[in-house]
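J.:
In my numbering, the protein residues as written are 3 to 230.
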């Protein structure tokens, strides 16, 4: 890749790569005493009000969201994406970043999967507005992430770009869709009183795959002539 082209893609790639790393901060639960079972609890519960290290995880969510938002907006301005798939993908990625940042400012007030009283208040609607709004911001972030993964992967393949994203993106996209379906099914089971169906495992897989795809996108933008 020419030096000028590399310089043109570097800001976007750096922002997305940094966002992918910070978005993966939840893995710190492996060494921190969070008091939550990673197989059965929401990732969002790490950042719930009153939880140990909640402030840390709210901060990393905010930073990750802003980094991804900045990277996506920079791509929209610098690359002026051609075609519906490209435009949709970068716009969805920007929305994902914005919703993730909003998530950090709308934390859960308690942890419903480990606190029966919290779950009861949530079901009855007796929770703060920020707690209720969190469900919307999380849903928007999750949906936008799936749209971005699928749209930008399709764009890479449709435009004949022989990049790592074009070659391996479809497998990651399929896995992301499967993890999302698992997560949604588990949430439905939990909310209907039928257990968690390993909700935590499904959601952690979902966010891990999103972070891996972000890293793949950053690499492809920087090194493989996705945009010239």
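Glycine included, every Cβ here is placed at the ideal spot set by N, Cα and C.
All figures in this text were calculated on a predicted structure; none of them were measured in a lab.
Could you check whether residue 98 and residue 137 sit closer than 9 Å to each other, using their CB atoms as the reference points?
T.: No, the Cβ-Cβ distance between residue 137 and residue 98 is not below 9 Å.
J.: Distance, Cα to Cα, residue 219 vs residue 190?
T.: The alpha-carbon atoms of residue 219 and residue 190 are separated by roughly 31 Å.
J.: Are the beta-carbon atoms belonging to residue 130 and residue 44 less than 9 Å from one another?
T.: Not a contact, by the Cβ cut-off of 9 Å.
J.: Determine the DSSP secondary structure at residue 88, reduced to helix, strand or coil.
T.: Residue state, collapsed to three classes: helix.
J.: Grouping DSSP H, G and I as helix and E and B as strand, with all else coil, what is residue 55?
T.: Residue state, collapsed to three classes: coil.
J.: When DSSP labels each residue in this structure, what does residue 140 get in the three-state scheme?
T.: It is helical.
J.: Using the Cα positions of residue 77 and residue 122, report the straight-line distance between them to the nearest angstrom.
T.: Rounded to whole angstroms, residue 77 to residue 122 spans 44 Å at the Cα level.
J.: Can you tell me whether residue 112 is helix, strand or coil according to DSSP?
T.: Looking at residue 112 - three-state DSSP - the assignment turns out to be coil, as it is neither helix nor strand.
J.: What three-state label does DSSP hand residue 83 in the structure shown?
T.: Coil.
J.: With a CB to CB cut of under 7 Å and the five nearest residues on each side skipped, what residues in its chain are close to residue 54?
T.: Correct list, in chain order: 35, 36 and 37.
J.: If you drop the 5 nearest sequence neighbours on each side, which residues of the same chain put their C-beta closer than 7 Å to that of residue 249?
T.: With the chain represented from 3 up to 230, any question about residue 249 goes unanswered, as that position is not in the structure.
J.: Taking C-beta to C-beta, are residue 200 and residue 69 nearer than 9 Å?
T.: The answer is no: Cβ separation not under 9 Å.
J.: Helix, strand or coil: which one does DSSP assign to residue 192?
T.: Looking at residue 192 - three-state DSSP - the assignment turns out to be helix.
J.: Rounded to the nearest angstrom, what separates residue 217 and residue 90 at their Cα positions?
T.: If I take the Cα positions, the gap works out to 19 Å.
J.: Which value, in whole angstroms, describes the spacing of the CA atoms of residue 101 and residue 139?
T.: Whole-angstrom Cα-Cα distance: 5 Å.
J.: For residue 204, which of 197, 184, 221 and 194 has the nearest alpha-carbon?
T.: Nearest of 197, 184, 221 and 194 to residue 204, Cα basis: 184.
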